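Just so you know, we're using my numbering here: the sequence shown kicks off at 47 and counts up by one. For every residue, glycine included, the Cβ atom is placed at its ideal position computed from N, Cα and C. Given the structure is predicted, the values throughout are model-derived calculations rather than measurements. Have a look at the structure below before the remarks.
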Amino acid sequence: EYLSREIDSWKFPYHFIDFETSAPPLPYSIGRKPFDVLCFQFSHHILYQDGQLEHATEFIHAIPGECPNEPFVNALAECMAKHKEGTVFRWASHENTVLTALLLEKTHEYNYSANITDHLEPLLTGGERSMVDLAKVASKGFYVSGSGGSSSLKKLLLPTMAASERLKKRYEQPIYNGINFTNHQWWQPAENGTDNENGSSLLSVKDPYSLLTMNAGENTGVGSTIVADGGDAMIAYDTLQQADLDPNIRVQLEKSLLRYCELDTLAMAMVVQAWQEFLEH
């Protein structure tokens with residue numbers, strides 16, 4: 047009942063937003079302090095009322111020695127200015143916390159224009175277009191066997207995919223196209239069922255995040271170029287700050303970061319698509 051009421055309050059098109067950030071103990075650029083949050087990447091998917099899904103926008107800024115925050119804010123504001131209609135979603139509090147801090151930040155490096163803040167301040171808690179926290183929605187209104195009761199996106203995605211016929215039908219064909227994927231098959235059968243918390247093998251689908259490790263990078267002298275979780279993303283950004291980094295490794299790392307962040311917002315959309323299906327039945 048709660049989930050149904052919540053979804054009824056949302057407006058199409060749906061916008062799914064995810065940030066990647068780092069807080070290095072040693073600043074990478076002049077004017078920053080230890081553990082300042084650096085927002086170097088975001089991804090944005092749109093789910094339309096007719097079911098069409100679009101990876102509409104992405105941003106990454108990992109130039110060595112340059113603070114990414116100002117270009118990040120400018121790119122996000124441009125994105126929201128283009129897409130003024132529909133509900134905006136985040137997963138957990140991170141995006142709200144980070145964006146709040148960015149908009150409050152006044153340094154000698156930059157000062158945001160009213161036009162930029164006009165597009166972004168409404169997304170914050172209490173704003174007229176406040177981002178909906180899907181983790182909170184999941185915690186209060188959704189349980190699926192295999193999740194262990196977690197509201198973590200990565201803990202929910204796999205059992206949700208296993209429980210949803212809609213996701214299976216939609217993503218078992220190699221037809222997903224985003225900015226970083228072409229004709230990709232996200233629903234792939236697992237060779238052996240994955241045990242859920244009850245010990246039964248109900249999860250017969252591969253974790254989409256595990257697919258990122260396939261042909262996505264290689265081990266190099268600076269470590270792996272594969273990015274498959276948030277920790278990998280922070281390490282990748284740290285590596286990209288090396289001015290003398292091999293150009294080929296730089297390209298591989300940025301590609302892996304883009305693929306990972308795209309999957310994060312796709313995963314959010316997948317969960318919502320499954321919720322729609324479950325409520326219909």
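Excluding sequence positions up to five away, which residues of its chain have a Cβ less than 6 Å from the Cβ of residue i?
i, result
"W56", "T133"
"Q231", "P220"
"E131", "none"
"K182", "none"
"E100", "I92"
"A274", "Y255, L258, T259"
"N223", "none"
State yes or no: is the beta carbon of residue i nearer than 8 Å to at least one beta carbon in chain D?
i, result
"T163", "Here chain D cannot be found, since the structure has a single protein chain."
Quick one: give me the first and last residue of the beta strand (DSSP E) that residue i is part of.
i, result
"C85", "84 to 93"
"L67", "Sequence inspection shows Thr at residue 67; the Leu mentioned does not correspond to that position. It spans 60 to 68 - the beta strand (DSSP E) in which T67 sits, taken as one unbroken run."
"T103", "99 to 106"
"F135", "134 to 136"
Quick check on the DSSP output: the alpha helix (DSSP H) that includes residue i runs from which residue to which?
i, result
"Y217", "211 to 217"
"T143", "140 to 150"
"E300", "293 to 326"
"H165", "160 to 166"
"E112", "Run containing E112: none; DSSP gives neither H nor E here."
"S256", "254 to 257"
"V183", "180 to 187"
"S176", "Element bounds for S176: n/a, residue is neither H nor E."
"R360", "Residue 360 cannot be examined here, being either before or after the span of the chain that is shown, 47 to 327."
"D278", "276 to 286"
Short of 8 Å in beta carbon distance, which residues of its chain neighbour residue i, apart from the five on each side in sequence? Order them along the chain.
i, result
"P71", "P80, F81"
"R78", "L84, C113"
"H140", "F65, T67"
"E151", "N115"
What whole-angstrom Cβ distance do residue i and residue j have, given they're in contact under 8 Å?
i, j, result
"L203", "P254", "7 Å"
"L148", "N120", "Contact doesn't hold; Cβ gap of about 11 Å is too wide."
"T271", "I295", "6 Å"
"D179", "R136", "6 Å"
"V318", "Y60", "7 Å"
"N226", "L304", "5 Å"
"V166", "L199", "It should be noted that the sequence gives Leu, not Val, for residue 166. Rounded, the Cβ-Cβ distance is 23 Å, inconsistent with contact."
Given residue i, which residues of its chain have a CB within under 7 Å of its CB, disregarding the five upstream and five downstream residues?
i, result
"A184", "S197, L202"
"S193", "K201, L202, P205"
"K186", "Y48"
"W321", "L49, I53, F188"
"R381", "Outside the modelled stretch of the chain, which goes from 47 to 327, sits residue 381, for which no answer is possible."
Rounded to the nearest angstrom, what separates residue i and residue j at their Cα positions?
i, j, result
"L169", "C125", "12 Å"
"T311", "T103", "11 Å"
"A289", "I109", "8 Å"
"L309", "H327", "27 Å"
"D96", "F62", "16 Å"
"L299", "V251", "27 Å"
"S50", "F324", "10 Å"
"V297", "A282", "11 Å"
"Q87", "S210", "30 Å"
"K128", "D278", "31 Å"
"S89", "Y306", "9 Å"
"T163", "A138", "22 Å"
"Y158", "G173", "18 Å"
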